[in-house]
Amino acid sequence: MEHQSYIISPEDGWIVIAGLSVLWIGLGYYWGRRAKSMDGYMLAGRRVGLALGTATVMATWVTSNTTMLAPQFALELGIWGMIAYSTAALGLLLFAPLAKRIRALMPMGYTSGDFIRLRYGKPAWILFLLISIFYGFVWLISMGMAGGILMNAIAGIPYEIGMSVILFVCVAYTLFGGLYAVIGTDYIQSLLILIGIVIIGVAVFQIVDFNEIYSDLRTDKPMLLSAILPASIMAVFNNLLFGVGEVFHSNVWWSRVFAMSKKAGRRAYLLGGLIWLPVPVAAGFIALASGSLGINITRPDMVGPLVAANVLGEAGTIVVFMVFFCSLASSLDSLLASTSDLITQDIYKKMIKPDASDGHLRKASSRIVLVLGFVAWLVCLPRIGTLADVLFFAGPLVASTIWPIATGLFWRKANTRGAIAGMIAGSVTGMIFYFTVGWYSASLVGAATSMIVVVLFTHLYPAKFDWHKLDEKTALTRA
Amino acid sequence: MTFPYRTSTLAGWQFSLVLLLVSSLPSVAQERPAFRGQDKRTTHDGHVRLQWRSVASDAVYEVQQSTTHDFKHPITIYQGPDRATFVSGLPNGVYYYRLRSNSGGWSEPITLTVEHYSLQLAFTLAGLGAVVFLLTVALVVKGTAKDAQ
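Residue numbers (the working numbering), protein chains in the order written: chain A, 12 to 490; chain B, 244 to 392.
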């Protein structure tokens, strides 16, 4: 263990964890009773309104990546790093019009995989599933790791135990309640996150001296104030395109589109993006104060929790602990539910057991949640790399899906060859840049390559896609 | 202090006091602290994470940074019980780091070379990213407008 400076006692940490765990599992069980059909379990009955929709979008996007990675960005890349992280809001804002289009084209759709299969056919679908499941799993691992790191740094709870507890709690309530539980708990979690961030923000503004922070940064870390720090200049558009790729392709966001009522989707994504926008700036700023406050940072991904907890003292640390626990749980549950939906619908139902009943699928979905949780736990145990290392490895893969998805939704001429070639070429070139230049160029290069390839193939081999094919149930009835 | 471990760094006079007290005690053979990882490192983004091995469970460490090999004008960047520290925001140049615990001697120094990426590469990639983003926005806006019609 490299950090010996715990902020609260393990006993206090356990009390907070136990209280929140009982609350989430209890609510998951309560809301789960409403999920009687498969549509109810997977898509919360397809009637989620604007308030719940906005809350679940915002809470899911305020992940450990916002509360822990945004400060890491500021600490490593300075002012531009902070701005770079907040550009991820554009992913949600840009997805808002797509949400309306998706709901109109696929009124009874289930997953993002459904769209790729119906739009581009089986080979593109398999490639997309590989990318999407890999990304979902990497995100899940980064969340599990973040939970363990957080509990260890703040309360001295051993990493393995903290990580196991948060994974167990999220698996338990997702298992009981499906998307009903996920969206319901997201609502409460988003309120707790927002209240907590306001408390932390007010406290930091009262305690730190801005002139001193600026002066210390100029002396000790001058490049963090530089407007021409090369790595951070690259990171701005890299992070932006990574965020767009994450939202455009991931079933986390598509399942919410299918779960929301027709009118709520577009507005919920717009509002969620706008509410989320200032959060990484606020979270990132406090990292810049770490030097002036004399706080030693042993791991860059722990700078946010450590500074917030040190500024607020023991009582305030409990607020910090709750905010981080909520931000982790709200993303972990969404990932478990949406990745399980993707595997249940796209692999189990479509490839293994096409005649499976709703009851059978529900059982399969529960088992998949359990297996996902267990495998994530196994991979999290060795504590590989920092959060950024883990997460940004998937960057070029998801960025390569932006143009195949966007053109697939709006261009009749977009075709299978372009989608497959775009995803492969984007992923490969992005990976090459990941290993040769750094993570802050990988998504950017992946998205650019994919865009060029998709546009080229659309021009060379234009398709004439019939949009009605995307409404699978109606198409089947007609047939 | 309200909490036993709240403060992760020690003030200069506190550290000197610890060193004085320890040096006045009968000498106990203790391993000299050493950094983990390579002795010569290069970074393209101006940050580095320094880690070191523990020499004793209650050891207090001091890490110094200098721009000269002989540590003529060192800056203490960390004092305390942790076994790692993170340095960022460094301009181009060569930096030297050394470490000691309250048992005495300095470790062998390690060298960090900071070579930021060229601005030409940074602006080229950022420009490419801006083009991809603007074209994506145009695609979505145009598609949505057409859909509305």
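Using N, Cα and C, we set each Cβ at its ideal position, and we do this for glycine too.
Close Cβ partners of residue i (< 6 Å) along its chain, the five nearest in sequence each way excluded
i, result
"Val357(B)", "Thr286, Gly289, Leu333, Asn335, Gly336"
"Lys424(A)", "Thr469, Pro473, Ala474"
"Tyr198(A)", "Leu63, Ala66"
"Ala183(A)", "Ile36"
"Phe259(A)", "Ile413, Ile416"
"Leu252(A)", "Ala410, Ser454, Leu455, Ala458"
"Met442(A)", "Pro407"
"Leu268(B)", "The pLDDT assigned to Leu268(B) is 47, lower than 50, so where the model puts this residue is not dependable, and the model offers no usable value."
"Ile320(B)", "Val306, Gln308"
Continuous beta strand (DSSP E) stretch holding residue i: start and end
i, result
"Leu293(B)", "291-294"
"Leu236(A)", "It is not in any beta strand (DSSP E) - Leu236(A) carries neither H nor E in the DSSP assignment."
"Leu355(B)", "353-357"
Partner residues on chain B for residue i, Cβ-Cβ distance less than 7 Å
i, result
"Ile239(A)", "Leu362"
"Thr78(A)", "The premise fails here: Thr78(A) is roughly 18 Å from chain B at the closest Cβ pair, so nothing lies under 7 Å."
"Ser452(A)", "Leu368"
Where residue i meets chain B, residues with beta-carbon distance less than 8 Å
i, result
"Ala242(A)", "His287, Asp288, Gly289, His359, Tyr360, Ala365"
"Phe269(A)", "Simply none; closest approach about 18 Å."
"Ala459(A)", "Leu371, Gly372, Val374, Val375"
"Thr418(A)", "Leu382"
Where residue i sits in the DSSP three-state scheme
i, result
"Lys424(A)", "coil"
"Gln217(A)", "helix"
"Arg279(B)", "coil"
"Leu288(A)", "coil"
"Thr310(B)", "coil"
"Ser267(B)", "Caution is warranted here: a pLDDT of 47 is assigned to Ser267(B), below 50, making its placement in the model unreliable, and no coordinate value can be reported."
"Ala405(A)", "coil"
"Tyr40(A)", "helix"
"Gln322(B)", "strand"
"Ala166(A)", "helix"
"Arg229(A)", "helix"
"Arg277(A)", "helix"
"Ala474(A)", "coil"
"Met462(A)", "helix"
"Thr328(B)", "strand"
"Phe122(A)", "Correcting the residue identity first, residue 122(A) is Thr in this sequence and not Phe. In the structure shown, Thr122(A) sits in coil (DSSP, three-state: anything other than H, G, I, E or B)."
"Ile443(A)", "helix"
"Arg57(A)", "helix"
"Arg310(A)", "coil"
"Arg112(A)", "helix"
Chain A residues whose Cβ lies nearer than 7 Å to that of residue i
i, result
"Leu342(B)", "Those do not exist, as Leu342(B) stays about 14 Å from chain A at its closest Cβ, beyond 7 Å."
"Ser331(B)", "Leu86, Glu87, Lys232, Leu235"
"Gly323(B)", "Asn307"
"Ala302(B)", "Near Ala302(B) there are no residues of chain A at all, since even the closest Cβ is about 10 Å away, more than 7 Å."
"Asp390(B)", "Arg112"
"Pro276(B)", "By Cβ distance, chain A contributes nothing, its closest Cβ being about 13 Å from Pro276(B), past 7 Å."
Amino acids of chain A, ordered along the chain, whose beta-carbon sits closer than 9 Å to that of residue i
i, result
"Thr387(B)", "Pro108, Leu109, Lys111, Arg112, Phe421"
"Pro352(B)", "Simply none; closest approach about 19 Å."
"Pro334(B)", "Pro233, Met234, Ser237"
"Leu355(B)", "Those do not exist, as Leu355(B) stays about 14 Å from chain A at its closest Cβ, beyond 9 Å."
Same chain, Cβ closer than 7 Å to residue i, five either side skipped, listed in chain order
i, result
"Ser97(A)", "Leu288, Pro291, Val292"
"Met462(A)", "Trp414"
"Leu392(A)", "Glu171"
"Leu317(A)", "Ala164, Ile306, Ile308"
Interface partners of residue i on chain B, CB under 9 Å
i, result
"Ser123(A)", "Result: empty, since nearest Cβ-Cβ is about 16 Å, beyond 9 Å."
"Pro311(A)", "His290, Arg292, Phe329, Ser331"
"Gly449(A)", "His287, Asp288, Tyr360"
"Val27(A)", "Ordered by position in chain B, no residue passes the 9 Å Cβ test against Val27(A), which lies about 16 Å from the chain."
Own chain partners of residue i with C-beta closer than 8 Å, once the 5 adjacent residues on each side are dropped
i, result
"Leu203(A)", "Met333, Val334, Cys337"
"Asp125(A)", "Met117, Gln356, Asp357, Glu483"
"Leu353(A)", "Thr122, Ser123, Gly124, Leu140, Ser143, Ile144, Gly147, Asn262"
"Ile244(A)", "Trp91"
"Ile10(A)", "Only positions 12 to 490 of chain A appear in the structure, and residue 10(A) is not among them; the question remains open."
Segment limits, alpha helix (DSSP H) that includes residue i
i, result
"Ser344(B)", "No alpha helix (DSSP H) contains Ser344(B), which is instead part of the beta strand (DSSP E) from 336-344."
"Ala242(A)", "241-260"
"Ser349(A)", "314-353"
"His371(A)", "369-391"
"Met11(A)", "Limits of chain A in this structure are 12 at one end and 490 at the other, which puts residue 11(A) out of reach."
Amino acids of chain A, ordered along the chain, whose beta-carbon sits closer than 8 Å to that of residue i
i, result
"Gly280(B)", "By Cβ distance, chain A contributes nothing, its closest Cβ being about 13 Å from Gly280(B), past 8 Å."
"Ala373(B)", "Phe248"
"Leu377(B)", "Correct list: empty, because the minimum Cβ distance to chain A is about 10 Å."
Practice task
Decide if the region 304-319 of chain A is in contact with the region 152-166 of chain A; the criterion is three or more beta carbon pairs, one per stretch, under 8 Å apart.
Solution key: The answer is yes - the region 152-166 of chain A touches the region 304-319 of chain A, with three or more Cβ pairs under 8 Å.
Check: When the Cβ atoms of the region 55-74 of chain A are set against those of the region 278-286 of chain A, are three or more pairs found closer than 8 Å?
Finding: Per the Cβ contact rule, the region 55-74 of chain A is in contact with the region 278-286 of chain A (3 or more Cβ pairs under 8 Å).
Can at least three beta-carbon pairs, one atom from the region 356-365 of chain A and one from the region 176-185 of chain A, be found at a separation below 8 Å?
-> No: the two stretches stay apart, fewer than three of their Cβ pairs being nearer than 8 Å.
Is the region 336-354 of chain A touching the region 383-396 of chain A, taking contact as three or more C-beta pairs under 8 Å? Short answer: they touch.
Segment contact, 8 Å Cβ cut-off, at least three pairs: the region 377-391 of chain B with the region 105-115 of chain A
Contact between the region 377-391 of chain B and the region 105-115 of chain A is present: 3 or more CB-CB pairs across the two stretches fall below 8 Å.
Q.
Taking 8 Å as the cut-off, does the region 204-218 of chain A touch the region 417-437 of chain A (at least 3 CB pairs, one atom from each stretch)?
A. With fewer than three CB-CB distances shorter than 8 Å, the region 417-437 of chain A does not count as touching the region 204-218 of chain A.
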